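Here the protein sequences come in this chain order: A and B. Residues 123 to 469 in our numbering are what the first sequence spells out, letter by letter. Residues 8 to 345 in our numbering are what the second sequence spells out, letter by letter. Think of the CB as a built atom: it goes at the ideal place given N, C-alpha and C, for glycine as much as any other residue. For clarity, every value in this text was computed on a predicted model and none was experimentally measured. Remarks on the structure that follows.
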Amino acid sequence: MKKQNNVENGINDWNSIVNLIKNVIKTQTFLLLTALLILFLVFSIFEESFFTRRSITSMLFQLPEFGILSLAMMIPMMIGGDDLSIVSTANLSAILSGFFSVKVLPNILPEEYSIIYIGSIFLLSMIVGCITGLFNGILVGYIGANSILVTLSTLTFFTGISIGLTKGSVLIGLPESIGLIGSESILGIPISFLIFVVVSMVVFIILNHTPLGFKIRMMGTNQSASKFSGINNKKIIIKIFIISGILSSISGILIMSRTLSASYQYGASTYILLTILIGVLAGVVSGKGSVLNVFVSVLILQVISTGFHMMLVGIRGSSFFKDFIWGILLIVIFIINHYREKMKKLS
Amino acid sequence: MFRKIYSANEFVTFIIILLISIFIGLINPAFFSIASIFDVLRSSIVYIILALGLLPVMIVGGIDISFVAIGALSAYSTHMLLINNGYEGGVFLYYIIACSIGIIASFLNSILTTKFNLNIFNVSLALYIMWFGFVRFFVGSKRSATFPEGASNFYSKFLLTVKDPFVGNSNLHISILFVVIIGLVLMLILRYTTFGRGIYAIGGDRDVALRTGFKVNRILTGSFIIMGGLAAFAGITHSFLIRLFDPTMFLGDELDVIAAVVLGGASINGGRGSVIGTFMGVIVIQLIHRSIILIGIPVTWQDFIVGFILIIFISIPYLKTIIKEKLVDKKVAHEETK
């Protein structure tokens, strides 16, 4: 009797493990990780210089910028909106804090103060991001205008401020200590990548373990239901755009520290598309969104981008070809997502 | 009757046109002349065609930005095709080929949005980048200013010429006729055909339109065809007017056109919008660009001003509804206290 029980328990355990594996395979995260692995293998086979220490480090240096921007795009996407002004916010905050560091802060500092120095620049740019986010949030939340329209016009507005301040040129002559974030690494891992990991964790905690995250999900699923259950939708929208603005400004600092300059046009043409692409790839829809998926999708996009770059090197106008491929890729992912949704509904 | 006119969004737009005109006129009295009217009209021609193409899609309830890329794609590839084959004829063939390319390209928008049920804006963003990349990589990235013989003097075909004491002769280009014809046809389509009423119905409520028996997918495809065709038409007209075929024409102009359509009373939630309103919306945007130059604001601050004004204009319709709701609330409260 006892023996039989044990056997049954064993079978149950076995079944539950199988079920668990089945469920894991079905998740988007698993699919994304598989895609990442396959892409990595394919590029490593076809490009000799792909799987080297140098190219991997350079990838880790490049991806935090648009990784954080994708997080900034993801949160508005979770309530069915779009924030197209993220790149212009990033550039504006980089330019403003760049001006601050050139004009206000002393130019030569002892090295032990560089942390305070970088901290103050971060703080300033995050304040800028907060203000721009508040601006977007009021227009979308309280006035009720469409988020695409609002952020398209604030995109022009913020870029306009940047152009006006820099007179259309690139802001250079920034102090060396800003470049520390974009060029140094700790234990072989770039600092900017570490910042990206930390920021992702913070966003994960906000979305999954705070009342705000719960409300965002609820509002994304059904706006009127959340309104009638006592959630102030307008306040949530404002908070969402403020978070989005702050995240973009962090990304602005990363861009500034990597290039040691600030300009209104960095990433202006492709980063918006890339961030939406990442959001769609990660399966972010109204009411749903996982930071882990976004993180893996960012890695995938960086692998594709670097791989293509290596393959296309030396071909004239290859950046135009890349644009073309990004567009097609986005459409293909849309279609795949559509069919997956259909399959889910059928089963 | 007056109340109806007053409450229409077009009325607000008209008032804005008047205010800006008076403002510019105060700074520069030379503005009140036929010459400057011609000038504003000339610079608006292309944008009116683009905006009219976008109008049906906006009424349906979508925001599309790919139309500028479709315009550039069809105009530039038509030009390259004809020039490389030694074409020496007139503009007629240009328009025919370009519009066909535009319509074919717009099928991609409609297939993706109807068959796969995708968001119109997301699709258009992908196509925007894709087409601009395509035309610059596969067709060519160089500007071209060589024109076939038969079409080379199209830019100087004028409908009217007026002598002006300030600026000498000022002319109204013949393509203003195209604008009038396109506007009239679109107005008739929107008002008096089942297709046109269907566009408004889908914009109002898609499910209701579906249940009423409108063929939603066909109507969506139709609006995209209008968009693609007119974008190509605008692309050719633009290139002939400035005597330059540029693969990046209209790049970055999408916001101006969208803002013009919104300003003309089209609701982004769909179901509203008119040809006359769109026409006035484009004029307003052109007047703003003009007044910025006249006031003497430095070029580097122009985007800032334009962006700021766009934000205000986009909020106006929403502010109006908010105020209206507040007034209704007050009325209700007032009657209750009685």
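Spatial neighbours of B:F5 in its chain, beta-carbon cut-off 8 Å, leaving aside the 5 residues before and after: Residue coverage of chain B in this structure runs from 8 to 345, which leaves residue 5 of chain B outside it and unanswerable.
Cβ closer than 8 Å: which chain A residues qualify as neighbours of B:F351? As displayed, chain B neither begins before 8 nor continues past 345, which places residue 351 of chain B out of reach and without an answer.
Give, in chain order, every residue of the segment 262-280 of chain A whose Cβ lies closer than 9 Å to some Cβ of chain B. Y264, I265, G266, A267, N268, I270, L271, V272, L274, S275, T276, L277, T278, F279, F280
For the putative contact between A:N459 and A:V402, defined by C-beta atoms under 8 Å, what is the C-beta separation to the nearest angstrom? Within the first sequence, the letter at position 337 stands for residue 459 of chain A. Within the first sequence, the letter at position 280 stands for residue 402 of chain A. Yes, A:N459 and A:V402 are in contact; Cβ-Cβ is about 7 Å, under 8 Å.
Limits of the alpha helix (DSSP H) - the one that A:R339 falls within: As a first step, residue 339 of chain A is located in the first sequence; it is residue number 217 there, counting from the start. Start and end: 333-343.
Are the segment 157-170 of chain A and the segment 423-432 of chain A touching, with three or more C-beta to C-beta distances below 8 Å? Judged by Cβ distances under 8 Å, the segment 157-170 of chain A makes contact with the segment 423-432 of chain A, as three or more pairs qualify.
Stretch pair the segment 84-94 of chain B + the segment 297-305 of chain B: three plus CB contacts closer than 8 Å: No contact exists between the segment 84-94 of chain B and the segment 297-305 of chain B.
Using a Cβ-Cβ distance cut-off of 8 Å, determine whether A:G282 contacts chain B. If you number the first sequence from 1, residue 282 of chain A lands on position 160. At least one chain B Cβ lies under 8 Å of A:G282.
Which parts of the segment 358-382 of chain A are runs of the alpha helix (DSSP H), unbroken and 4 residues or longer, counting only runs that do not cross its ends? none
To the nearest angstrom, how far is it from the Cα of B:I330 to the Cα of A:V146? The residue you call residue 330 of chain B lines up with position 323 of the second sequence. The residue you call residue 146 of chain A lines up with position 24 of the first sequence. Distance between the alpha carbons of B:I330 and A:V146 is about 52 Å.
Is the beta carbon of A:S223 closer than 8 Å to that of A:L296? The count along the first sequence starts at 1 and reaches residue 296 of chain A at position 174. The count along the first sequence starts at 1 and reaches residue 223 of chain A at position 101. Yes, Cβ-Cβ distance for A:L296 and A:S223 is below 8 Å.
Hey, how far is the Cα of A:V425 from the Cα of A:L154? Locating residue 425 of chain A in the first sequence gives position 303, counting from the first residue. Locating residue 154 of chain A in the first sequence gives position 32, counting from the first residue. Answer to the nearest angstrom: the Cα atoms are 13 Å apart.
For B:V169, three-class secondary structure by DSSP: Translated into the one-based positions of the second sequence, residue 169 of chain B becomes position 162. Note: B:V169 maps to strand in three-state DSSP.
Thinking C-alpha only, which one of A:I377, A:A404, A:P333 is nearest A:I300? Within the first sequence, residue 300 of chain A is the residue found at index 178, counting from 1. Selected option, being the one with the closest Cα: A:I377.
Can you pull the chain A residues whose beta carbon is under 9 Å from the beta carbon of B:S81, in chain order? Here residue 81 of chain B corresponds to residue number 74 of the second sequence, with the count starting at 1. What B:S81 touches in chain A: nothing, since even the nearest Cβ is about 16 Å away.
Which word fits B:Y54, buried or exposed, when buried means at least 16 other C-beta atoms lie within 10 angstroms of its C-beta? Numbered from 1 along the second sequence, position 47 holds the residue referred to as residue 54 of chain B. Counting Cβ neighbours within 10 Å, B:Y54 comes out buried, since at least 16 surround it.
By Cβ distance below 8 Å, which residues in the same chain neighbour B:M234 in space, the five residues on each side in sequence not counted? On the second sequence, residue 234 of chain B is found 227 positions in, with the first residue counted as 1. Around B:M234: G60, L61, P63, V64, D71, F74, I77, S113, N116.
Reference A:Q345, options A:E306, A:V324, A:Y388, A:I201, closest by Cα: As a first step, residue 345 of chain A is located in the first sequence; it is residue number 223 there, counting from the start. Comparing Cα-Cα distances from A:Q345 to each of A:E306, A:V324, A:Y388, A:I201, the minimum goes to A:I201.
Under 9 Å Cβ-Cβ, which residues of chain A neighbour B:M137? For this step, residue 137 of chain B is matched to residue 130 along the second sequence. Here the neighbours are D445, F446, I447, W448, G449, I450, L452, I453.
State the DSSP-derived secondary structure class of A:L206, mapped to helix, strand or coil. If you number the first sequence from 1, residue 206 of chain A lands on position 84. Here A:L206 sits in coil by DSSP.
By DSSP, does A:I308 sit in helix, in strand, or in coil? Taking the first residue of the first sequence as 1, we reach residue 308 of chain A at position 186. Strand, per DSSP.
Report the option in A:I139, A:W136, A:K148, A:E169 whose CA atom is closest to the CA atom of A:V435. Counting from 1 along the first sequence, the entry for residue 435 of chain A is found at position 313. Considering only alpha carbons, the answer is A:E169.
In this structure, how does DSSP classify B:L125 when only helix, strand and coil are distinguished? In the second sequence, the residue the question calls residue 125 of chain B occupies position 118. B:L125: coil per DSSP, three-state reduction.
Under 7 Å by beta carbon: chain B residues contacting A:L191: If you number the first sequence from 1, residue 191 of chain A lands on position 69. Within chain B, no residue has its CB atom less than 7 Å from the CB of A:L191, the nearest being about 15 Å off.
Is there at least one Cβ from chain B nearer than 8 Å to A:G439's Cβ? Sequence index remark: in the first sequence, residue 439 of chain A carries index 317 (1-based). Yes, contact with chain B.
Assign A:D445 to buried or exposed, taking buried as 16 or more other Cβ atoms, counted over all protein chains shown, within 10 Å of its Cβ. Along the first sequence, one-based indexing puts residue 445 of chain A at 323. So A:D445 counts as buried.
Closer than 8 Å by beta-carbon distance: list the chain A residues that pair up with B:V313, in chain order. Here the question's residue 313 of chain B lines up with position 306 in the second sequence. What B:V313 touches in chain A: T278, G282.
Identify, in the order they occur along the chain, each residue of the same chain with its Cβ nearer than 6 Å to the Cβ of A:I303, setting aside the five sequence neighbours on each side. For the purposes of this step, residue 303 of chain A is taken as the residue at position 181 of the first sequence. Contacts found: I313, S314, S379.
Any contact of the segment 274-282 of chain A with the segment 312-332 of chain B, i.e. 3+ C-beta pairs under 8 Å? yes
Residues near B:A79 by beta carbon distance below 8 Å, same chain, minus five either side: If you number the second sequence from 1, residue 79 of chain B lands on position 72. Once the five neighbours on either side are set aside, the close Cβ partners of B:A79 are W138, F139, V142, G242, D253, P254, T255, M256, F257, L258.
Once you ignore the five residues that flank A:M181 on each side, which residues in its own chain have a CB closer than 8 Å to its CB? Mapped onto the first sequence, residue 181 of chain A falls at position 59. Cβ within range, chain order: Q424, V425, T428.
Could you name the residues of chain B that A:K289 contacts, counting a contact when the two beta carbons are closer than 7 Å? Here the question's residue 289 of chain A lines up with position 167 in the first sequence. Within 7 Å Cβ-Cβ: T307.
Along chain C, which residues have their Cβ under 7 Å away from the Cβ of B:F141? As a matter of chain content, chain C is missing from the structure shown, whose protein chains are A and B.
Please name the residues in the segment 388-405 of chain A whose beta-carbon is closer than 9 Å to at least one beta-carbon of chain B, in chain order. S391, T392, I394, L395, I398, L399, V402
Under a CB-based cut-off of 8 Å, is B:L317 close to chain A? Start at 1 with the first residue of the second sequence, and residue 317 of chain B comes out as number 310. Interface residue, yes.
Round the Cβ separation of A:L256 and A:I364 to the nearest angstrom and send it over; I've been treating them as touching at under 8 Å. Indexing the first sequence from 1 puts residue 256 of chain A at position 134. Indexing the first sequence from 1 puts residue 364 of chain A at position 242. Under the criterion of beta carbons closer than 8 Å, A:L256 and A:I364 qualify as touching, at roughly 6 Å.
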